[in-house]
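A.B. asks: Pasting a structure here, questions to come.
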Amino acid sequence: MENALVSRPEKSTPGNGLLASLPDLDRARITKDCETIALVAGQVLAEPRGRMTHAWFPAGAVISLSVGHAGHGDNLEVALVGREGMVGLPLLLGGSVSEVLATVTSPGNALRIGAAALRAAMADSAPLAQRLQRYLLVALAQMAQSAVCTRHHRLDQRLARWLLVAGDRVLAGELHATHESLAARLGVRRAGVTRAANGLQQARLIAYRRGMLMLLDRKGLEAVACACYAADESSYRRLMRPRATA
Ligand SMILES: [Zn+2]
């Protein structure tokens, strides 16, 4: 079974985008309590009903958030988090228990901060607190969109959306995912993913090279993807702009 690797070689700036967008003083307030951790593929950062001791700001790593569904062994992916976001949303609301499984799907760095230190930093910095709360709104909108997507959109549309989202989140130029793991993420059979991927390949939108899946034509993939990809992008732009009103 081939590995699927998504390549965006033009993205080379490490660091977390959420933190990078803060004013210098506010960014310094949180990063002084962060440590950089190298995450490996398959590492579990949070488990359902497990206590979250840290929040994570990916800076190269990509993390899949998924939930189980009764009667099935595989979890369904509800979000893919990269440098545009963070893992540890319950901590923003005073909670400390995860509702999802958070698994590293692409290795790389992340900034990690303890729960108490995060709360203290948010209490000290209004811009930081607002930025993280706005990201929470984005994440809620994207998860709601995913529910619509899973129920109503064709597999080739969903796969194209997933490839675009994954491509946006990868820094190091690769993301490991087999057809089998893609099928589990999307909640479908492997044969369906293989058929959909073959269609995208025949349309020259993607290609496999030495076990890597390359995005050849992003505009073409956007044309195939359902409207959910554009909706996600739109909510991020609207809510994360400097003086957004929500
Ligand atoms: Zn969709």
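Residues in the sequence shown are numbered from 12 upward in steps of one, following my numbering.
By construction, the Cβ of each residue, glycine as well, lies at the ideal position given by its N, Cα and C atoms.
Looking at A70 and N27, is the spacing between their C-beta atoms short of 7 Å?
C.D. replies: One-based indexing of the sequence shown puts residue 27 at position 16. One-based indexing of the sequence shown puts residue 70 at position 59. Their beta carbons are under 7 Å apart, which means N27 touches A70 by this criterion.
A.B. asks: Helix, strand or coil for E58 per DSSP?
C.D. replies: Start at 1 with the first residue of the sequence shown, and residue 58 comes out as number 47. Residue state, collapsed to three classes: coil.
A.B. asks: Pairs of beta-carbons, one from the stretch 195-209 and one from the stretch 232-242, closer than 8 Å: are there three or more?
C.D. replies: no
A.B. asks: Under DSSP, the beta strand (DSSP E) around A218 begins and ends at which residues?
C.D. replies: Sequence index remark: in the sequence shown, residue 218 carries index 207 (1-based). Per DSSP, A218 belongs to the beta strand (DSSP E) from I217 to R220.
A.B. asks: Determine the burial state of L104: buried for a count of at least 16 other Cβ atoms within 10 Å of its Cβ, exposed for fewer.
C.D. replies: Taking the sequence shown and counting its residues from 1, the one referred to as residue 104 is at position 93. With fewer than 16 other Cβ atoms within 10 Å, it is exposed.
A.B. asks: In three-state DSSP terms, what is H80?
C.D. replies: Residue 80 sits at position 69 when you count from the first residue of the sequence shown. DSSP places H80 in coil when its eight states are reduced to three.
A.B. asks: Just reading off the beta strand (DSSP E) that N120 is part of, what are its end residues?
C.D. replies: Numbered from 1 along the sequence shown, position 109 holds the residue referred to as residue 120. Looking at the DSSP string, the run of the beta strand (DSSP E) that includes N120 is G119 to G125.
A.B. asks: Beta-carbon distances below 5 Å to any heavy atom of ligand 1 define the shell here; list its residues in chain order, please.
C.D. replies: Chain order is used for the residues whose beta-carbon lies nearer than 5 Å to a heavy atom of ligand 1, namely C160, H164, C237 and C239.
A.B. asks: Using the Cα positions of V115 and L170, report the straight-line distance between them to the nearest angstrom.
C.D. replies: The residue you call residue 115 lines up with position 104 of the sequence shown. The residue you call residue 170 lines up with position 159 of the sequence shown. When rounded, the distance between both Cα atoms is 20 Å.
A.B. asks: Using the three-state DSSP reduction, which class does V181 fall into: helix, strand or coil?
C.D. replies: Translated into the one-based positions of the sequence shown, residue 181 becomes position 170. V181: coil per DSSP, three-state reduction.
A.B. asks: Within the stretch 83-122, note down every full beta strand (DSSP E) run reaching 3 residues or more, in order along the chain.
C.D. replies: 87-92 and 112-117
A.B. asks: DSSP three-state label for H163, please.
C.D. replies: Translated into the one-based positions of the sequence shown, residue 163 becomes position 152. H163: helix per DSSP, three-state reduction.
A.B. asks: What residue from A214, G178 and G99 has the CA that sits closest to A121's CA?
C.D. replies: The count along the sequence shown starts at 1 and reaches residue 121 at position 110. The candidate whose alpha carbon is nearest that of A121 is G99.
A.B. asks: Tell me the rounded alpha-carbon separation between L174 and A52.
C.D. replies: Residue 174 sits at position 163 when you count from the first residue of the sequence shown. Residue 52 sits at position 41 when you count from the first residue of the sequence shown. Roughly 18 Å between the two C-alpha positions.
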